[in-house]
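Some notes on the structure that comes next.
Number of protein chains: 2
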Amino acid sequence: MKSSPLPLLFTLFFTGLVGCQSTTTADTNQNVSAQLQQKALESSLAYDIVESLTVEVGPRLAGSEKDLIAVQWAENKLNSLGFDKVYKEAVKVPVWQRGEAKASIVSPFAQPLVITALGGSVGTPEEGINAPIVRFESLEALKLAEPSQVLGKIVFIDHITPRFKTGKGYSITVGGRSRGAIAAAEKGALAIVIRSIGTDHDRMAHTGMMRYQEGVEKIPAAAMSNPDADLIALMLKRDPNVILHLKLTPKNLGYATSYNVIAEVTGSSKPDEIVLIGAHLDSWDEGTGAIDDGAGVAIVTTAGHLISQLPQRPARTVRVVLYAAEELGLIGGKSYAKAHQHELDKHYIAAESDFGAGYIYQLDFNVADSAFAAIQAHTASMQANGVAMGNNQASGGPDVSMLPNHGVPVASLRQDGTDYFDYHHTPNDTLDKIDPKALAQNAAAYAQFAYLMAQSEIELRPLTSKTK
Amino acid sequence: MKSSPLPLLFTLFFTGLVGCQSTTTADTNQNVSAQLQQKALESSLAYDIVESLTVEVGPRLAGSEKDLIAVQWAENKLNSLGFDKVYKEAVKVPVWQRGEAKASIVSPFAQPLVITALGGSVGTPEEGINAPIVRFESLEALKLAEPSQVLGKIVFIDHITPRFKTGKGYSITVGGRSRGAIAAAEKGALAIVIRSIGTDHDRMAHTGMMRYQEGVEKIPAAAMSNPDADLIALMLKRDPNVILHLKLTPKNLGYATSYNVIAEVTGSSKPDEIVLIGAHLDSWDEGTGAIDDGAGVAIVTTAGHLISQLPQRPARTVRVVLYAAEELGLIGGKSYAKAHQHELDKHYIAAESDFGAGYIYQLDFNVADSAFAAIQAHTASMQANGVAMGNNQASGGPDVSMLPNHGVPVASLRQDGTDYFDYHHTPNDTLDKIDPKALAQNAAAYAQFAYLMAQSEIELRPLTSKTK
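Line by line, the protein sequences are chains A and B. The C-terminal residue of the first sequence carries number 468 in the UniProt record's numbering, and the numbering is unbroken. The C-terminal residue of the second sequence carries number 468 in the UniProt record's numbering, and the numbering is unbroken.
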């Protein structure tokens with residue numbers, strides 16, 4: 001096949017030109033990144049947003065009336081903040097009402113307990129359940145138990161969640177919350193109560209989602225505060241026959257419609273390519289949803305707003321997604337992945353902020369190994385904001401965690417979570433737990449990240465490891 | 001008048017001898033003091049006692065069934081610990097039942113609140129009260145308000161309790177709790193809610209006693225958690241018309257009998273002279289009464305026990321008094337002062353432990369100024385246990401605070417109360433808040449103090465300042 005030399009010359013010329021442009025662009029990118037950092041650190045916007053959400057909306061359990069108030073709040077807020085587009089996408093969510101949760105030790109030493117129903121739990125009979133407790137150190141120990149130990153009793157999983165900066169203690173113990181009721185019911189338990197999946201010593205129980213399994217009886221499931229779990233453990237040392245009274249009145253009431261609320265800063269040259277930064281709008285019902293995940297909503301909204309205020313739109317579209325019903329099982333995230341499957345190949349990268357408001361100390365990616373060094377170099381300006389370069393094993397955050405299976409690169413902006421599980425899923429998740437300076441540092445990091453990703457000329461695909 | 005020189009010689013001789021004995025005795029006293037310190041620091045007894053009380057009894061509101069269980073527990077415990085006498089004295093106490101406490105913001109932003117009824121409060125009508133809030137920075141600001149500002153509203157005293165090692169922040173704000181309902185009712189308020197008298201940021205309301213006044217209407221009184229008070233303050237910034245719904249169902253049910261429980265190590269040479277170390281046995285009903293005042297019960301009981309285990313009884317009687325119904329208004333303390341008025345002149349000194357389990361850092365007295373230097377020298381061995389010499393303006397602790405008015409010297413073993421008001425009068429007053437090492441240091445200090453007082457040859461009366 002004959003070919004003219006002209007196109008090759010043109011190609012070389014333009015490659016060289018692009019090379020020059022890239023250097024200039026690289027400088028510009030770093031300058032803009034530094035400006036975004038400064039603007040974010042000087043701004044109270046992120047704190048104002050989370051204050052507004054927690055004060056004007058407060059608890060917003062997916063599927064509740066308050067959830068729709070939160071959706072309206074989000075649309076109004078995003079519309080006021082200079083985004084090019086604001087829209088919402090319907091998500092079908094289950095409706096679960098907490099009702100009342102009461103428990104007490106009947107004998108050997110009568111004492112009231114502080115408990116909370118786990119999300120999705122069925123209720124007890126109206127008169128409650130009175131039964132002996134059988135204690136296990138962990139879900140694994142329960143699984144190894146003889147059914148005769150468990151039959152007709154209330155299982156008590158007494159697994160202490162250790163404290164780590166990364167929050168990895170949660171992953172050690174949370175199985176008891178999510179899958180404990182199945183394991184207990186399989187051996188004939190009447191109910192299950194767990195030591196809260198939390199690192200605090202407060203007299204507050206930590207709620208959170210639990211699951212049932214087709215074909216296994218649905219038994220009531222609750223968590224007790226850490227001091228209450230200590231109390232029962234000390235009673236069991238005195239007398240192995242501890243009788244618990246448990247009454248839960250939650251209700252599963254079918255389905256309702258919630259919404260992923262989405263806002264965009266339209267890309268200047270590649271508007272159909274998307275940099276997704278997300279957080280979840282729903283919260284548990286007992287706190288005001290400040291750290292989980294009002295903080296994330298504030299961080300990514302502020303980041304998008306700051307980018308919208310730049311003199312020029314970045315190349316790619318920056319899409320802020322406020323997910324529905326994360327707490328009930330990543331429902332908004334899964335719904336998004338399905339609704340947007342036609343354009344997932346256009347998602348350059350995605351990241352979710354859902355770990356409170358502690359300082360971001362590290363940036364991890366999940367990109368092609370061949371791109372990892374280049375993308376780290378491209379984000380080097382984030383180090384001035386305290387963000388060190390990390391590894392290539394990011395999960396990206398709960399609502400984007402399924403995207404790598406579709407080939408979408410993700411990043412994790414790793415936050416200091418030392419105290420996150422002190423407050424997580426409790427009434428204590430309130431505005432006062434947020435440090436405005438740390439929140440601003442988060443907003444700065446997300447603004448820098450989203451901008452730099454929107455400007456990047458690095459090919460991040462195909463992923464070397466699909467998921468963490 | 002003629003006099004023989006012989007008596008004078010004898011007097012001089014015996015004075016010299018007593019002087020020599022004193023020096024020897026002083027050495028012995030310091031040695032025993034050091035031994036007591038070591039034994040206490042090596043012993044887990046104090047922690048075992050507070051664990052036993054919180055696990056086997058738990059909440060023990062004066063006048064409740066649990067209060068009598070606590071009295072029985074105390075008699076059993078003291079009888080097992082080597083005291084020479086254990087007895088109880090009846091105390092008439094009011095019976096107040098907490099019932100239910102619910103509150104929520106109705107408008108402009110509907111949100112549930114975390115509140116608790118103040119001790120002694122009357123209830124609301126069954127349907128609750130819906131009324132606008134009127135906010136005051138302090139009790140003093142409320143007192144200065146025009147009645148027209150308050151009439152028909154719910155008063156909200158939003159006074160933040162500052163944190164101090166000495167706990168003095170409490171005395172700044174507690175007037176709003178104890179006397180706020182009177183001031184609010186005098187101006188026509190329907191109810192009063194206060195920011196909790198607490199230094200924490202936990203979503204827990206702090207209960208505590210409140211008062212009514214003859215001739216002034218009794219209105220319902222509640223406290224809300226600090227984060228809830230923050231929330232209302234932020235709503236008021238957005239809209240001055242904040243409507244609160246308040247429902248309280250406490251009941252005042254007359255009177256019951258409780259008991260001061262008393263144990264003694266009988267003095268060897270001055271058995272009718274008394275060194276009183278006390279704590280209160282009752283607790284509020286929402287925690288397990290660990291720091292308030294299970295810790296004090298454990299500290300003074302351990303101190304008395306350690307003295308009972310010495311090879312020789314000290315000169316004076318060491319009397320451990322576990323007071324009834326301190327929380328409801330120093331009722332056990334006042335009852336003791338009345339029942340023992342015939343022997344108050346034989347009370348050498350008194351001190352109460354009722355400020356948690358923080359390290360004791362200072363020993364204050366209220367004794368004759370002329371005796372102050374001598375009694376400080378006499379207690380110098382306590383410095384090895386971290387207890388510095390303090391001032392001569394001690395109050396002695398709540399249940400002994402009335403004794404200086406009867407001429408009885410008192411001492412305050414000052415504890416580090418930096419975090420005491422984080423947990424005080426909340427569900428969070430549980431065993432895990434106690435550091436076993438700090439508790440043992442307290443027991444050591446009380447053992448040393450009680451022993452040295454029982455051996456002292458210093459005349460502490462008459463008091464220079466009757467009360468602090």
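Where is the CB? At the ideal position from N, CA and C, for every residue including glycine.
If contact is defined by three or more beta carbon pairs under 8 Å, each pair taking one atom from either stretch, is the segment 275 to 283 of chain B in contact with the segment 315 to 324 of chain B?
Short answer: they touch.
Residues in its own chain within less than 6 Å of D228/A by CB, not counting five upstream and five downstream?
Mapped onto the first sequence, residue 228/A falls at position 228. Sequence-distant Cβ neighbours of D228/A in its own chain, meaning closer than 6 Å and more than five residues away, are L113, V114.
Kindly indicate which three-state DSSP category W284/A falls into: helix, strand or coil?
Taking the first sequence and counting its residues from 1, the one referred to as residue 284/A is at position 284. Here W284/A sits in coil by DSSP.
Consult DSSP for F164/B and reduce its assignment to one of helix, strand or coil.
The residue labelled residue 164/B in the question sits at position 164 within the second sequence. Residue state, collapsed to three classes: coil.
Answer with yes or no whether the minimum CB distance from V134/B to chain A is below 8 Å.
Along the second sequence, read from residue 1 onward, the residue named residue 134/B stands at position 134. Chain A contact via Cβ: absent.
Span of the alpha helix (DSSP H) around E51/B
Within the second sequence, the letter at position 51 stands for residue 51/B. It spans 45 to 56 - the alpha helix (DSSP H) in which E51/B sits, taken as one unbroken run.
Return the Cβ separation of A263/A and I349/A in integer angstroms, given the expectation that the two are a contact with Cβ distance under 8 Å.
Reading the first sequence from its first residue, position 263 is the one you call residue 263/A. Reading the first sequence from its first residue, position 349 is the one you call residue 349/A. Not really, about 18 Å apart at Cβ, beyond 8 Å.
Cβ-based burial, Q21/A [other Cβ within 10 Å; buried from 16]
In the first sequence, residue 21/A corresponds to position 21, counting from 1. Below a pLDDT of 50, predicted positions are generally treated as unreliable, and Q21/A, at 45, falls in that range; the measurement from the model is reported next regardless. Under this definition Q21/A is an exposed residue.
Find out if the Cβ-Cβ distance for the pair T301/A, G123/A is shorter than 8 Å.
Looking up residue 301/A in the first sequence gives position 301. Looking up residue 123/A in the first sequence gives position 123. Inclusion of T301/A and G123/A in the CB contact set at 8 Å is not warranted, their separation being larger than that value.
Taking I232/B as part of the beta strand (DSSP E), name the residues at either end of that continuous run.
Within the second sequence, the letter at position 232 stands for residue 232/B. Note, I232/B: premise wrong, no beta strand (DSSP E); alpha helix (DSSP H) at 226 to 238.
Just verifying my parser: in three-state terms, what is the DSSP assignment at Q97/B?
For the purposes of this step, residue 97/B is taken as the residue at position 97 of the second sequence. Three-state DSSP puts Q97/B in a strand.
May I ask you to list the residues that DSSP assigns as paired with K433/B?
Mapped onto the second sequence, residue 433/B falls at position 433. According to DSSP, K433/B shares a beta bridge with no other residue.
What would DSSP say about L17/B, mapped onto helix, strand or coil?
Sequence index remark: in the second sequence, residue 17/B carries index 17 (1-based). Below a pLDDT of 50, predicted positions are generally treated as unreliable, and L17/B, at 39, falls in that range; the measurement from the model is reported next regardless. In the three-state reduction of the DSSP assignment, L17/B falls in the helix class, which pools H, G and I.
In whole angstroms, what separates the C-alpha of N366/A from that of Y47/A?
Locating residue 366/A in the first sequence gives position 366, where the first residue counts as 1. Locating residue 47/A in the first sequence gives position 47, where the first residue counts as 1. Each residue's CA atom was taken as its position, placing N366/A and Y47/A some 30 Å apart.
Classification of N428/A by the beta-carbon crowding that lies within 10 angstroms, buried from 16 upward:
Counting from one through the first sequence, the residue named residue 428/A turns up at place 428. Around the C-beta of N428/A, 16 or more other C-beta atoms lie within 10 Å, and the residue is accordingly described as buried.
In whole angstroms, give me the CA-to-CA distance for Y451/A and A145/A.
On the first sequence, position 451 is the one that residue 451/A refers to. On the first sequence, position 145 is the one that residue 145/A refers to. Answer to the nearest angstrom: the Cα atoms are 53 Å apart.
Which whole-angstrom value describes the C-beta separation of A325/B and S258/B, a residue pair presumed to lie in contact below a C-beta threshold of 8 Å?
Counting from 1 along the second sequence, the entry for residue 325/B is found at position 325. Counting from 1 along the second sequence, the entry for residue 258/B is found at position 258. About 6 Å separates the beta carbons of A325/B and S258/B, which is inside the 8 Å limit, making them a contact pair.
Check the C-beta distance from M235/A over to I105/A and give it rounded, since I have them as a contact under 8 Å.
Counting from one through the first sequence, the residue named residue 235/A turns up at place 235. Counting from one through the first sequence, the residue named residue 105/A turns up at place 105. Distance from M235/A to I105/A at the Cβ level is roughly 7 Å; contact confirmed, criterion being Cβ atoms closer than 8 Å.
Can you tell me whether G120/B is buried or exposed? The criterion is at least 16 other CB atoms within 10 Å of its CB, across all chains shown.
Reading the second sequence from its first residue, position 120 is the one you call residue 120/B. Classification for G120/B: buried.
How big is the Cα-Cα spacing for G188/B and G396/A?
Taking the first residue of the second sequence as 1, we reach residue 188/B at position 188. Taking the first residue of the first sequence as 1, we reach residue 396/A at position 396. Using only the alpha carbons, I get a separation of about 57 Å.
So if I threshold CB-CB distances at 8 Å, which residues from the segment 418 to 441 of chain B count as touching chain A?
Those would be T426, P427, N428, T430, L431, D432, K433, in chain order.
Which runs of the beta strand (DSSP E), 3 residues or longer, sit entirely within the segment 55 to 131 of chain B?
Given a length threshold of 3 residues, each whole run of the beta strand (DSSP E) inside the segment 55 to 131 of chain B is given here in chain order: 85 to 97, 101 to 107, 111 to 113, 115 to 117.
Could you tell me if V216/B is buried or exposed, where buried requires 16 or more neighbouring beta carbons within 10 angstroms of its beta carbon?
Along the second sequence, one-based indexing puts residue 216/B at 216. Answer is exposed; the Cβ neighbour count stays below 16.
Strictly under 8 Å for the Cβ-Cβ distance: is L281/B near chain A by that measure?
Locating residue 281/B in the second sequence gives position 281, where the first residue counts as 1. Cβ-Cβ to chain A under 8 Å: no for L281/B.
Does DSSP classify Q448/B as helix, strand or coil?
The sequence position of residue 448/B within the second sequence is 448, counting from 1. Helix, per DSSP.
Chain A contact residues for D202/B, given Cβ-Cβ distances below 7 Å:
On the second sequence, residue 202/B is found 202 positions in, with the first residue counted as 1. Residues of chain A whose Cβ lies closer than 7 Å to the Cβ of D202/B are, in chain order, D202, N428.
Going by the CB atoms, is the gap between F355/A and G198/A shorter than 8 Å?
Your numbering for residue 198/A matches position 198 in the first sequence. Your numbering for residue 355/A matches position 355 in the first sequence. Cβ distance not < 8 Å, so G198/A and F355/A don't count as in contact.
Would S335/B and N260/B be called neighbours here (beta carbons separated by less than 8 Å)?
By 1-based counting over the second sequence, the position of residue 335/B is 335. By 1-based counting over the second sequence, the position of residue 260/B is 260. A contact, by the Cβ cut-off of 8 Å.
With DSSP collapsed to three states, give me the class of Y323/B.
As a position in the second sequence, residue 323/B is number 323, starting the count at 1. For Y323/B, the three-state secondary structure derived from DSSP is strand.
State yes or no: is the beta carbon of L45/A nearer than 8 Å to at least one beta carbon in chain B?
For this step, residue 45/A is matched to residue 45 along the first sequence. Chain B, which has no Cβ nearer than 8 Å to the Cβ of L45/A, makes this no.
Can you tell which of D435/B, P436/B, T426/B has the C-alpha that lies nearest to the C-alpha of L118/B?
Reading the second sequence from its first residue, position 118 is the one you call residue 118/B. The shortest C-alpha to C-alpha distance from L118/B to any of D435/B, P436/B, T426/B is the one to T426/B.
Contacts that G58/B makes with chain A (C-beta to C-beta distance below 9 Å)
On the second sequence, residue 58/B is found 58 positions in, with the first residue counted as 1. Within 9 Å Cβ-Cβ: I105, F109, A110, Q111, P112, L231.
For chain B, check one thing: does any of its Cβ atoms lie closer than 8 Å to the Cβ of V55/A?
Counted from its first residue, the first sequence places residue 55/A at position 55. Yes, because at least one Cβ of chain B sits closer than 8 Å to the Cβ of V55/A.
Skipping 5 residues on each side, what residues in its chain have a beta carbon closer than 7 Å to that of E186/B?
Locating residue 186/B in the second sequence gives position 186, where the first residue counts as 1. Taken in chain order, the residues that qualify are V216.
Residues of the segment 239 to 253 of chain A whose Cβ lies closer than 7 Å to any Cβ of chain B, in chain order
If the cut-off is 7 Å between Cβ atoms, the segment 239 to 253 of chain A has nothing near chain B.
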